[in-house]
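What follows is one structure encoded as structure tokens, with my remarks underneath.
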Amino acid sequence: MSDITRRDFLKVLQGAGALVGIGALATPVVAFLYPPKLEELPSEPVLVAPETELPVGQAKTVKFGRYPAIVIHLEDGLKAYSAVCTHFACLVKWNPESGKLECPCHAGTFKATDGSVISGPPPAPLLALATEIKDGNIYVKVGGEGS
């Protein structure tokens, strides 16, 4: 067995350091050139929750393609919208006390019944999505008013 000199050991460390450096530089370049596929809106319905887990007056936000969706269980049924505010892309939140969807960034408010703007700077209503119930589970999907 031959002994490794200090100089040989430092050469190995230098080579390993160079490889780590090249990898650290190459990783973001490769990620930029080959980004993951992100659908703006999913082509298939997305599971929200079992019916029993979303009582009247409550809402749930779920991942829906590139951006989240919010599903609200109102007295007259389920309503679903893109959770992205049309003003500055902040995420809207459900306020059960006021019965409105509220944007925390610039005090925009939306009607829960149709997603239209009540007040604030948002220039357009929230994107309406459809809901469906299958086998006791709530799903949200691309479409207009909830079913």
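This note's numbering puts the sequence shown at residues 18 to 164. We put the beta carbon where it would ideally sit given N, CA and C, even for glycine.
If you draw a straight line from the C-alpha of residue 160 to the C-alpha of residue 29, how long is it? 60 Å
For residue 33, report the span of its alpha helix (DSSP H) as first-last. That run of the alpha helix (DSSP H) goes 23-50.
Using 9 Å as the threshold, is the C-beta distance between residue 99 and residue 143 below it? yes
Round the Cβ separation of residue 135 and residue 110 to the nearest angstrom and send it over; I've been treating them as touching at under 8 Å. Actually they are not in contact, since the Cβ atoms of residue 135 and residue 110 sit about 14 Å apart, beyond 8 Å.
Pairing CB atoms from the region 145-159 with CB atoms from the region 61-76, are three or more of them under 8 Å? With a cut-off of 8 Å, the region 61-76 and the region 145-159 count as touching, because enough Cβ pairs lie within range.
If you draw a straight line from the alpha carbon of residue 163 to that of residue 51, how long is it in whole angstroms? Its pLDDT being 47, under 50, residue 163 is placed unreliably in this model, and the value from its coordinates should be taken loosely. Going from the Cα of residue 163 to the Cα of residue 51 covers about 36 Å.
Compute the Euclidean distance between the alpha carbons of residue 10 and residue 25, then round it to the nearest angstrom. With the chain covering only 18 through 164, there is no way to say anything about residue 10.
Expected contact under 8 Å - CB spacing of residue 86 and residue 76 to nearest Å: Their Cβ separation, rounded to whole angstroms, is 10 Å, which puts residue 86 and residue 76 out of contact at 8 Å.
Alpha carbon to alpha carbon, what distance is there between residue 45 and residue 53? 13 Å
Quick one: residues in its chain with C-beta nearer than 7 Å to the C-beta of residue 40, no 5 flanking neighbours on either side, listed in chain order? none
Pick helix, strand or coil for residue 130, following the three-state DSSP scheme. coil
For residue 69, which three-state DSSP category applies? helix
Within 9 Å, strictly: CB atoms of residue 57 and residue 82: Yes, the pair counts as a contact, with Cβ atoms nearer than the cut-off.
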